[in-house]
Amino acid sequence: MDQLTDTMNQLTDTGRRAQATAPPHVARLRRAISLFFALDGFVFAGWVVRIPAIKEQIHASAGALGLALLGVSVGSVATMLLTGKLCRRYGNHPVTVVTAALLSLSVALPPLTHSALHLGLVLLLFGAAYGGLNVAFNAAAVDLAEAVRRPILPSFHAAFSAGGLVGAGLGGLLAPQLSPLCHLLLLTATGLVVTAYAGRVLLRTPGPTATGQGPRRDGTDAVPGRGRAAVGRTRLFVTVYGLITLCTAYGEGALADWGSLHLSADLHTGPGAAAAGYAVFALLMTVSRMSGTWLLERLGDTPVLVAGGLLAAVGMLVGALAPQLWLVYLGYALTGLGLANVFPVAVGGAGALAGPHGVAVASTLGYSGILLGPPSIGFLAEAYGLPGALTTIAALAALAALLGRVVGRGRVGRRGRRRAPC
Numbered sequence: 001m002d003q004l005t006d007t008m009n010q011l012t013d014t015g016r017r018a019q020a021t022a023p024p025h026v027a028r029l030r031r032a033i034s035l036f037f038a039l040d041g042f043v044f045a046g047w048v049v050r051i052p053a054i055k056e057q058i059h060a061s062a063g064a065l066g067l068a069l070l071g072v073s074v075g076s077v078a079t080m081l082l083t084g085k086l087c088r089r090y091g092n093h094p095v096t097v098v099t100a101a102l103l104s105l106s107v108a109l110p111p112l113t114h115s116a117l118h119l120g121l122v123l124l125l126f127g128a129a130y131g132g133l134n135v136a137f138n139a140a141a142v143d144l145a146e147a148v149r150r151p152i153l154p155s156f157h158a159a160f161s162a163g164g165l166v167g168a169g170l171g172g173l174l175a176p177q178l179s180p181l182c183h184l185l186l187l188t189a190t191g192l193v194v195t196a197y198a199g200r201v202l203l204r205t206p207g208p209t210a211t212g213q214g215p216r217r218d219g220t221d222a223v224p225g226r227g228r229a230a231v232g233r234t235r236l237f238v239t240v241y242g243l244i245t246l247c248t249a250y251g252e253g254a255l256a257d258w259g260s261l262h263l264s265a266d267l268h269t270g271p272g273a274a275a276a277g278y279a280v281f282a283l284l285m286t287v288s289r290m291s292g293t294w295l296l297e298r299l300g301d302t303p304v305l306v307a308g309g310l311l312a313a314v315g316m317l318v319g320a321l322a323p324q325l326w327l328v329y330l331g332y333a334l335t336g337l338g339l340a341n342v343f344p345v346a347v348g349g350a351g352a353l354a355g356p357h358g359v360a361v362a363s364t365l366g367y368s369g370i371l372l373g374p375p376s377i378g379f380l381a382e383a384y385g386l387p388g389a390l391t392t393i394a395a396l397a398a399l400a401a402l403l404g405r406v407v408g409r410g411r412v413g414r415r416g417r418r419r420a421p422c
C-alpha cells in the first residue's frame, strides 16, 4: 500500500511518462475502498449460497423463484443512474457508506419472507443497495486512481472477487450448520462492522483530486469553444465503454449460471467436477485482477482491453466446444484470465471521462448484460444446444475487443487534435 504514497513516473497509454504526487492518506483510502469491494462480493456470495434453502422455505417453483430473483437485477439497474446523481451531489464517500449499510441490512430480509412475491419485493431493495454501492465505490476508486495516476482499478475488483470466493466458501461450510436467517444475520453483523470501520476512514478523509489537464468531470472539454462537441464525444466514448461492460458482464453472468451445467449435462461429469469448472474460472479471474495494475502500467488500457477480449473469446470457444474435461477447464481458465480486467478498465475509462455519471452509465449497461446473459443462453440452448449457446459468450468477448480498439483509437485521435488552452 505504501507504494501509492510515493512520487512516481507512470506510463500512460501514449507511452509518455507523467509526474504524479499522491495526496495524503491515499494508502488508508485504498484499504478502505478495497474493504467495501470485498464486502460487496462477500455479502452477495453469501446470499447466493442460501438461495436453495430460501426456495424450499417459500415453497416456490423454479419459474416463480426465477421471477423473484430478477428483483436483484431490476433493483440494481433501476438505481445506478440515480446513484450517479447522488454521488455528484453528496460525494462518492458518503454514498458508499450509506449503500453498504443498506446492503448489509437488506441481506437479512429474504429469510423473513413467505412467498415468491414477498421475496421479489425485498430483493428489489437488496438489488437497489447492491447497484448503488457498485456505482459509489467504483466512482471513489476512479477518483483515487486519477489522483495517484496509476491504473489501480483492477486491484479493487480483485478484492471483490476474493470477497466472493470467501463468502461462497464460508457459506458452503455454514449452510449445513446454520439456518438461512442465522447465516444471513451473521452477514449483516459482519457488513455493519466493516462499514463502520472503513466508512470512518472514507468520511474523515477528503476525496482525492486528480492532477493534470484533462476533461472536466461534467463531460466538457477544457478547450474554450469546444464544449458542445466535447460533450458529444464524451457521451459517445462513455456509451462504448458501457457496451464493453455489457459484453463482458454477459459472459460472467452466463458462465456462472450455465458453466457447471454444461459440464454435467454435455460432458456427463459428477457434481464435484462440474462445480470445479466455475471455481477455475473465478479463481483465474481473481488472480488476473491482482496483476491488472502491472499489466496496465506496461501495456496501457487499449492493449489490455483488446487482448483480454480476444483471449476470452478463444477460451470460451474451447470451453464450449471441447470434448474433453481438461480442455473445458483450460477454456474456462482462459476466459477468466481474459475477462478479468476488461470490466474494471471499461468502468475506469467511463469514470475518467464523466465522473460518477460515467461510472453509472457503464455499470448500468454492464448489469443489463448480467440480466440478459442467463436467460439468453437458456433460450438459445433450446434451439441450438447448450454448447452452441455458450459460444455467444465468445462472440461478445470478441466484440468487446473490437470496441476496445475503436475507443482506444478514438481517444488517441482526440488527444492528438487537442490544442493547448489559451
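Under our numbering, the first residue of the sequence shown carries the number 1, and numbering increases by one thereafter.
Note that the Cβ used here is the ideal one computed from N, Cα and C, for glycine as well.
Exercise for the section: State the Cα-Cα distance for the pair I152 and L121, rounded to the nearest angstrom. Expected result: As a position in the sequence shown, residue 152 is number 152, starting the count at 1. As a position in the sequence shown, residue 121 is number 121, starting the count at 1. Near 36 Å, if we compare the C-alpha coordinates of L121 and I152.
Practice task
My understanding is that G309 touches A400, with C-beta atoms under 8 Å, so please give their C-beta distance in whole angstroms.
Solution key: Here residue 309 is taken as the residue at index 309 of the sequence shown, counted from 1. Here residue 400 is taken as the residue at index 400 of the sequence shown, counted from 1. Contact flag correct, Cβ pair sits at about 4 Å.
Problem - Straight-line gap, A116 to L380 (C-alpha atoms, nearest Å) - result: Stepping through the sequence shown from its first residue, residue 116 is reached at position 116. Stepping through the sequence shown from its first residue, residue 380 is reached at position 380. Going from the Cα of A116 to the Cα of L380 covers about 26 Å.
Handout entry: For L192, the nearest candidate out of A60, T96, W294 (CA to CA)
Key = Numbered from 1 along the sequence shown, position 192 holds the residue referred to as residue 192. Of the candidates A60, T96, W294, the one whose C-alpha sits nearest the C-alpha of L192 is T96.
Handout entry: Pick from L86, P176, V166, A108 that is closest to L133, judged by C-alpha positions
Key = Here the question's residue 133 lines up with position 133 in the sequence shown. The option with the nearest alpha carbon to L133 is L86.
Practice task
Rounded to whole angstroms, what's the CA-CA distance from L311 to V318? Just pull it up for me.
Solution key: Residue mapping note: residue 311 aligns to position 311 of the sequence shown, counting from 1. Residue mapping note: residue 318 aligns to position 318 of the sequence shown, counting from 1. If you draw a straight line from the Cα of L311 to the Cα of V318, it comes to about 11 Å.
Problem - DSSP-derived helix/strand/coil call for V77 - result: Taking the sequence shown and counting its residues from 1, the one referred to as residue 77 is at position 77. In this structure, V77 counts as helix in the three-state DSSP scheme.
Problem - Residue of G46, V304, G242, G404 minimising C-alpha distance to G169 - result: On the sequence shown, position 169 is the one that residue 169 refers to. Closest by C-alpha distance to G169, out of G46, V304, G242, G404, is G46.
Handout entry: Three-state class that DSSP yields for G300 in the structure shown
Key = Against the sequence shown, residue 300 aligns to sequence position 300. In this structure, G300 counts as coil in the three-state DSSP scheme.
Practice task
Pick helix, strand or coil for L430, following the three-state DSSP scheme.
Solution key: Residue 430 is absent from the structure shown; the chain starts at 1 and stops at 422.
Handout entry: Option in L371, V231, P154, L173 with minimal Cα separation from W294
Key = Mapped onto the sequence shown, residue 294 falls at position 294. Comparing Cα-Cα distances from W294 to each of L371, V231, P154, L173, the minimum goes to P154.
Handout entry: Selected residue, minimal CA-CA separation from A307, among T269, A352, A398
Key = The residue labelled residue 307 in the question sits at position 307 within the sequence shown. Comparing Cα positions, the closest option is A398.
Practice task
For G127, I'd like the list of residues in its chain whose CB is within less than 7 Å of its CB, leaving aside the five on either flank, ordered along the chain.
Solution key: Residue 127 sits at position 127 when you count from the first residue of the sequence shown. Spatial neighbours of G127 in its own chain (CB-CB distance under 7 Å, excluding positions within 5 residues in sequence) are listed in chain order as G71, V72, S73, V74, G75, S76.
Problem - contact_flag[the segment 341-359, the segment 128-147] where n(CB pairs < 8 Å) is 3 or more - result: With contact defined as three or more Cβ pairs closer than 8 Å, the segment 341-359 and the segment 128-147 are in contact.
Handout entry: Euclidean distance between Cα positions of L61 and T79
Key = Residue 61 sits at position 61 when you count from the first residue of the sequence shown. Residue 79 sits at position 79 when you count from the first residue of the sequence shown. Looking at the sequence shown, residue 61 is not Leu but Ser. Rounded to the nearest angstrom, the two C-alpha atoms are 28 Å apart.
Handout entry: Closest residue to A279 among M290, S161, A230, A265 (Cα-Cα distance)
Key = The residue you call residue 279 lines up with position 279 of the sequence shown. Checked all of M290, S161, A230, A265; the closest Cα to A279 is S161.
Exercise for the section: Could you tell me the distance, in whole angstroms, from the CA atom of A38 to the CA atom of H262? Expected result: Position 38 of the sequence shown, counting from 1, holds the residue named residue 38. Position 262 of the sequence shown, counting from 1, holds the residue named residue 262. Between A38 and H262, the C-alpha separation is close to 29 Å.
Problem - contact_flag[the segment 335-355, the segment 244-260] where n(CB pairs < 8 Å) is 3 or more - result: Three or more beta-carbon pairs separated by less than 8 Å link the segment 335-355 to the segment 244-260, which places the two stretches in contact.
Handout entry: Cβ-Cβ distance between G336 and S288 below 8 Å
Key = Taking the first residue of the sequence shown as 1, we reach residue 336 at position 336. Taking the first residue of the sequence shown as 1, we reach residue 288 at position 288. Yes.
Problem - Cutoff 6 Å; reference G373; Cβ partners in own chain excluding five residues on either side - result: Here residue 373 corresponds to residue number 373 of the sequence shown, with the count starting at 1. Within the same chain, G373 has close Cβ partners Y250, G253, A254.
Handout entry: Given T394 as reference, the closest of T248, V407, T302 once Cα atoms are compared
Key = The residue given as residue 394 occupies position 394 in the sequence shown. Thr is not the amino acid found at residue 394; the sequence shown has Ala there. Relative to the Cα of A394, the nearest Cα in the group T248, V407, T302 belongs to T248.
Practice task
Look at the Cβ atom of H93, then the Cβ atom of A140, and state whether they are nearer than 8 Å.
Solution key: Counting from one through the sequence shown, the residue named residue 93 turns up at place 93. Counting from one through the sequence shown, the residue named residue 140 turns up at place 140. Taking 8 Å as the Cβ cut-off, H93 and A140 qualify as a contacting pair.
Handout entry: Where Q177 sits in the DSSP three-state scheme
Key = Counted from its first residue, the sequence shown places residue 177 at position 177. In the three-state reduction of the DSSP assignment, Q177 falls in the coil class.
Practice task
Use the C-beta contact count for D221: other C-beta atoms within 10 angstroms, 16 or more gives buried, fewer gives exposed.
Solution key: Against the sequence shown, residue 221 aligns to sequence position 221. In this predicted model, D221 has a pLDDT of only 41, less than 50, meaning its place in the structure is not dependable; the value taken from the coordinates is given anyway. Burial is judged here by how many other beta carbons sit within 10 angstroms of a residue's own beta carbon; D221 has at least 16 and is buried.
Problem - Of the listed residues L125, V148, F42, nearest to E297 (C-alpha basis) - result: On the sequence shown, residue 297 is found 297 positions in, with the first residue counted as 1. Nearest C-alpha to E297 among L125, V148, F42: V148.
Practice task
For the alpha helix (DSSP H) containing V342, list its first residue and its last residue.
Solution key: By 1-based counting over the sequence shown, the position of residue 342 is 342. For V342, the enclosing alpha helix (DSSP H) covers residues 342-384.
Practice task
Run the proximity test for W47: is its beta-carbon closer than 7 Å to any non-hydrogen atom belonging to the ligand NAD?
Solution key: As presented, the structure is devoid of all ligands, the ligand NAD included, so that no description of it is given.
Problem - Residue range of the unbroken alpha helix (DSSP H) whose run includes T99 - result: By one-based count along the sequence shown, residue 99 stands at place 99. First-last of the alpha helix (DSSP H) with T99: 92-106.
Handout entry: Sequence-distant residues of the same chain with beta carbon closer than 7 Å to R409, five excluded per side
Key = Counted from its first residue, the sequence shown places residue 409 at position 409. Closer than 7 Å at Cβ, skipping near neighbours: no residue.
Handout entry: The alpha helix (DSSP H) enclosing S34, as first and last residue numbers
Key = Stepping through the sequence shown from its first residue, residue 34 is reached at position 34. Judged by DSSP secondary structure, S34 falls within the alpha helix (DSSP H) whose first and last residues are 26-49.
Exercise for the section: Just mark W258 as buried or exposed, buried being the case when its beta carbon has 16 or more other beta carbons within 10 Å. Expected result: As a first step, residue 258 must be located in the sequence shown, where it is residue number 258. Only buried fits W258, as 16 or more other CB atoms lie within 10 angstroms of its CB.
Practice task
Give every residue of the same chain whose Cβ lies closer than 6 Å to the Cβ of T274, excluding the five residues on either side of it in the sequence, and list them in chain order.
Solution key: Taking the first residue of the sequence shown as 1, we reach residue 274 at position 274. Sequence check: residue 274 is Ala here, not Thr. If we look at A274 and ignore the five residues flanking it on each side, its Cβ neighbours are S260, L263, S264.
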